[in-house]
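**Q** Taken in order, the sequence shown gives residues 9 to 565; the numbers are from this note's numbering. For glycine and all other residues, C-beta sits at the position ideal for the given N, C-alpha and C.
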Amino acid sequence: MGRPDFPFFDCDHHCERARTGDATLGNDFMNHALSRSLLLAALVIAAPAVTQPVWAAPETPRRPNVVILLADDLGFADVGFRGGVIETPAIDRLAAEGVILERFYTAPICSPTRAALLTGRDPMELGIAYDQIHPWYNGGLPPGAESLAKAFQRAGYQTALVGKWHLGHTQAHQTPNAHGFEHFHGHLHTNTDYFLHEREGGHDLQENGRSVDATGRYLTHIQAEEAVRFLEERDPEKPFLLYVPFTAPHSPMQAPEATLARYAHLPKKNYRRTYAAMVHEMDVAIAEILAALDEQGLAEDTIVLFFSDNGGFYAFGADNAPLRGEKGQAFEGGIRVAAAIRWPGKLPAGGRFDARMSVLDVFPTLASAAAVEIEDDDGKIDGIDLWPALGSGAPVPERGPLFFASEIPVPGLIQLGVIDGDWKLVQVVRERQTETQVRTLLFHLSEDESEEHDVAAKHPEIVERLAGEIRGWRSRHPMAGYRGTLVAHPGWVAPYDWAKAVTPGELLQPSWENELPLPRALVDASKERGILISEEAVQRIEAKLARERAGWEKVAP
């Protein structure tokens, strides 16, 4: 299937330049301004002798634009700058012109990474840690939560999301427009068909809540075109935040025939050929976005961040070598991803950042780089600001442990991990009906990044300490948060159109509060498995019960 016509840019021109690696994709555009001292000198010379000196007000520095490019299930080794065999010149360009983030960590699966990216909060506390948000789930990001897009929007940024959301789809407050994105073009779910744009038989392509019919057009092409359209139609007087979470190379494994032919030398087994074609198409889309930045003279003023939402999945053609494991696992191959960040003139071309960085850190780091204020009065932002370390070589702040969890793809088989300094503990928990089995492995990452040598038997005290850290972390999970499921409840059916099925805000109460008079004993008995209700809610229930008991005593015979 060929690339469709689109009125906003010359697709053939951009695509051919990207495919051939045209070096003219860069530009020499620079914004020059007179310094305050030169301006003052000019004013003094030109002014009559009897006038007072004229001082120019200092010009407010323009905030940088921000573009976040997110791959979906990309293998660690499947980019050129990691030695991959798939052609990724655009991604490699970002790595060459920017800084490679050598130890960038995500969650092992989709939705938790996206939640951490946009909120800076631990997905465990959001109830989105063990599983992705399936079509039959009705939860998502909580209403009123601070987000990357909200913070940048308050700072005067234009905000847009083009691509996959995957953070809630049933109620209006869960959608991208409710979380700070003024413009949304894309789909709410994962696993959306690349040509039919359907999930579970329901149409899943929209623009700001209105269904869009583009049946037959390849989804990655649409995402590239819409991202470029935003760049061309934006207000040039305002900075922008553009978030492009690609669907590729996530399943379903589909690619245009011409691109499949380009990788005919790769095997069909485990979809390797199709996967390569999907990665290639994503890279061409990235090239088009970078070309649009170049042609508008925006490259020097724009931070571009690229990474994958988790490691690649071997069954669908990915390669995470030399790392152990894959998507859905707490081994490095599931959580350490290819990543790079570029800001010409601010970050060194060809640089490498060796410190550990988490997806939790993206929000506070980008906000710091752009001088954007985060509203975090309750201290719920878990990420740390790494911009001083990235931008000026300042010492990397100390951080606590990083945690990982997944109950995908096998319900009841839970992958857990914690990294604390150089030590990493992995637990594989198998929950059966009457027993639970736990396999524990300990690795020293600075000496064994491929996790080939389990040293748990040699360091039982470290195993015990890190296992305790994992228990404490898991106890913060809301009791009603999501656990692994692969299919819907027998009583569920899908809508015909996902955009039309969202419950509008006017039909919903502004918030929810538990009505059941749950006693503290019940809450305490459940705390190993997570948070049933908050401590504040328990105290309110206890106060209410105390008042009721006092009333009983007054009327007692």
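The beta strand (DSSP E) with Ala168 in it runs from where to where?
**A** By 1-based counting over the sequence shown, the position of residue 168 is 160. Per DSSP, Ala168 belongs to the beta strand (DSSP E) from 166-172.
**Q** For the pair the region 197-212 and the region 495-510, tell me if three or more CB-CB distances fall below 8 Å.
**A** Flag = yes, the region 197-212 and the region 495-510 touch.
**Q** Can you tell me whether Leu421 is helix, strand or coil according to DSSP?
**A** Translated into positions along the sequence shown, residue 421 becomes position 413. Reduced to three states, the DSSP call for Leu421 is strand.
**Q** Mind checking Thr442: buried by the 16 CB within 10 Å criterion, or exposed?
**A** Reading the sequence shown from its first residue, position 434 is the one you call residue 442. It is exposed - the Cβ of Thr442 has fewer than 16 other Cβ atoms within 10 Å.
**Q** Output yes or no for whether 8 Å exceeds the beta carbon distance between Ala163 and Gly188.
**A** For the purposes of this step, residue 163 is identified with residue 155 of the sequence shown, where counting begins at 1. For the purposes of this step, residue 188 is identified with residue 180 of the sequence shown, where counting begins at 1. No; because the gap between Cβ atoms is not below 8 Å, this pair is not in contact.
**Q** Compare the C-alpha of Glu472 against each of Thr448, Ser400, Gln182 and name the closest.
**A** What you label residue 472 is simply residue 464 of the sequence shown in a count that begins at 1. When each option's Cα is compared against that of Glu472, the closest is Thr448.
**Q** Kindly provide the ranges of any alpha helix (DSSP H) runs that are 4 or more residues long and lie completely inside the region 312-359, ordered along the chain.
**A** Those alpha helix (DSSP H) runs which fall completely within the region 312-359 and span 4+ residues are 340-343.
**Q** Could you pull out every unbroken beta strand (DSSP E) segment of at least 3 residues lying fully inside the region 219-265, listed in chain order?
**A** Fully enclosed beta strand (DSSP E) runs of 3 or longer: 248-253.
**Q** Using 8 Å as the Cβ pair cut-off and three pairs as the minimum, do the region 242-256 and the region 284-297 touch?
**A** A contact exists between the region 242-256 and the region 284-297.
**Q** Please tell me whether, using a cut-off of 7 Å, the distance from the CB of Arg207 to the nearest non-hydrogen atom of the ligand HEM is below it.
**A** Judged by which ligands are present, the structure shown has none, so any question about the ligand HEM falls away.
**Q** For Ile416, which option in Ala263, His142, Glu536 has the closest C-alpha, if you only look at C-alpha atoms?
**A** On the sequence shown, position 408 is the one that residue 416 refers to. Measuring from the Cα of Ile416, the nearest candidate turns out to be His142.
**Q** List the DSSP bridge partners of Thr444.
**A** On the sequence shown, residue 444 is found 436 positions in, with the first residue counted as 1. DSSP, once it has assigned bridges, lists Glu439 as partnering Thr444.
**Q** Tell whether a beta-carbon distance below 8 Å holds between Phe412 and Leu398.
**A** Residue numbering aside, residue 412 sits at position 404 when the sequence shown is read from its first letter. Residue numbering aside, residue 398 sits at position 390 when the sequence shown is read from its first letter. Not in contact: Phe412 and Leu398 (Cβ atoms no closer than 8 Å).
**Q** For Gln214, is the classification buried or exposed, using 16 other Cβ atoms within 10 angstroms of its Cβ as the cut-off for buried?
**A** Along the sequence shown, one-based indexing puts residue 214 at 206. Burial call: buried.
**Q** Using 8 Å as the Cβ pair cut-off and three pairs as the minimum, do the region 90-108 and the region 347-363 touch?
**A** Counting Cβ pairs under 8 Å, three or more are found: they touch.
**Q** Can you tell me which of the three DSSP states Phe451 falls into?
**A** By 1-based counting over the sequence shown, the position of residue 451 is 443. If DSSP states are grouped into helix, strand and coil, Phe451 belongs with the strands.
**Q** Can you name, in chain order, every residue of its own chain whose Cβ lies under 7 Å from the Cβ of Leu526, other than the five neighbours on each side?
**A** Sequence index remark: in the sequence shown, residue 526 carries index 518 (1-based). Taken in chain order, the residues that qualify are Leu540, Ile541, Ile549.
**Q** In chain order, what residues of the same chain have a beta carbon less than 7 Å from the beta carbon of Phe37, not counting five sequence neighbours either side?
**A** Locating residue 37 in the sequence shown gives position 29, counting from the first residue. Only weak support exists for where Phe37 lies, its pLDDT of 31 falling under 50; the value from the coordinates is given anyway. Counting only Cβ-Cβ distances below 7 Å, and skipping sequence neighbours, we find Gly305, Glu308.
**Q** Based on Cα-Cα distance, which residue from Asn522, Thr200, Gly171, Ala153 lies nearest to His191?
**A** In the sequence shown, counting from the first residue as 1, residue 191 sits at position 183. Considering only alpha carbons, the answer is Gly171.
**Q** Can at least three beta-carbon pairs, one atom from the region 340-348 and one from the region 83-91, be found at a separation below 8 Å?
**A** At 8 Å Cβ cutoff, the stretches touch.
**Q** For Arg557, does the count of other Cβ atoms within 10 angstroms reach 16, so buried, or fall short, so exposed?
**A** Against the sequence shown, residue 557 aligns to sequence position 549. Arg557 should be labelled exposed.
**Q** Within a Cβ cutoff of 8 Å, which residues of the same chain sit near Ala402, ignoring the five residues on either side of it in sequence?
**A** Taking the sequence shown and counting its residues from 1, one reaches residue 402 at position 394. Same-chain partners within the cutoff: Pro396.
**Q** Take Asp243 as the anchor and find which of Asp386, Leu450, Ala168 has the nearest alpha-carbon.
**A** Against the sequence shown, residue 243 aligns to sequence position 235. Checking every option, the nearest Cα to that of Asp243 belongs to Ala168.
**Q** Measure from the alpha carbon of Pro116 to the alpha carbon of each residue in Ser366, Glu536, Val446, then state which is nearest.
**A** Residue 116 sits at position 108 when you count from the first residue of the sequence shown. The residue with the shortest Cα to Cα distance from Pro116 is Ser366.
**Q** Is Asp86 near Gly320, with beta carbons less than 8 Å apart?
**A** Position 78 of the sequence shown holds residue 86. Position 312 of the sequence shown holds residue 320. Against a cut-off of 8 Å, the Cβ pair of Gly320 and Asp86 comes out as a contact.
**Q** Confirm, please, whether the CB-CB distance from Gly128 to Ala372 is below 8 Å.
**A** Within the sequence shown, numbered from 1, the residue matching residue 372 stands at position 364. Within the sequence shown, numbered from 1, the residue matching residue 128 stands at position 120. First, the residue type needs correcting, since residue 372 is Pro and not Ala in the sequence shown. Yes, Cβ-Cβ distance for Pro372 and Gly128 is below 8 Å.
**Q** Have a look at Gly194 and Leu530 and give me their C-alpha separation to the nearest angstrom.
**A** On the sequence shown, position 186 is the one that residue 194 refers to. On the sequence shown, position 522 is the one that residue 530 refers to. Computed Cα separation, rounded: 43 Å.
**Q** Which one of Ala363, Ala222, Glu303 has the shortest CA to CA distance from Glu240?
**A** Locating residue 240 in the sequence shown gives position 232, where the first residue counts as 1. Comparing Cα-Cα distances from Glu240 to each of Ala363, Ala222, Glu303, the minimum goes to Glu303.
**Q** I'd like the span of the beta strand (DSSP E) that includes Val510, first residue to last.
**A** The sequence position of residue 510 within the sequence shown is 502, counting from 1. From DSSP, Val510 is part of no beta strand (DSSP E); its letter is neither H nor E.
**Q** At the level of alpha carbons, what is the spacing between Arg350 and Ala232?
**A** Here residue 350 is taken as the residue at index 342 of the sequence shown, counted from 1. Here residue 232 is taken as the residue at index 224 of the sequence shown, counted from 1. C-alpha separation (whole angstroms): 19 Å.
**Q** Within a Cβ cutoff of 7 Å, which residues of the same chain sit near Ile94, ignoring the five residues on either side of it in sequence?
**A** Residue 94 sits at position 86 when you count from the first residue of the sequence shown. Excluding sequence neighbours, Ile94 sits near Asp86, Ala284, Val287, His288.
**Q** Can you tell me whether Asn146 is buried or exposed? The criterion is at least 16 other CB atoms within 10 Å of its CB, across all chains shown.
**A** The residue labelled residue 146 in the question sits at position 138 within the sequence shown. Answer is exposed; the Cβ neighbour count stays below 16.
**Q** Work out the CA separation of Tyr202 and Ala6 for me, nearest whole Å.
**A** Because the chain here runs from 9 to 565, residue 6 falls outside it and cannot be looked at.
**Q** Give the range of the beta strand (DSSP E) segment to which Glu110 is assigned.
**A** As a first step, residue 110 is located in the sequence shown; it is residue number 102 there, counting from the start. Taken as a continuous stretch (DSSP letters only), the beta strand (DSSP E) holding Glu110 covers 107-113.
**Q** Exposed or buried, Gln547, counting other C-beta atoms within 10 Å across all chains shown (16 or more means buried)?
**A** As a position in the sequence shown, residue 547 is number 539, starting the count at 1. The residue in question, Gln547, is exposed, as its Cβ has fewer than 16 Cβ neighbours within 10 Å.
**Q** Can you say whether His461 is buried or exposed, counting buried as having 16 or more other CB atoms within 10 angstroms of its CB?
**A** Stepping through the sequence shown from its first residue, residue 461 is reached at position 453. Exposed is the call here.
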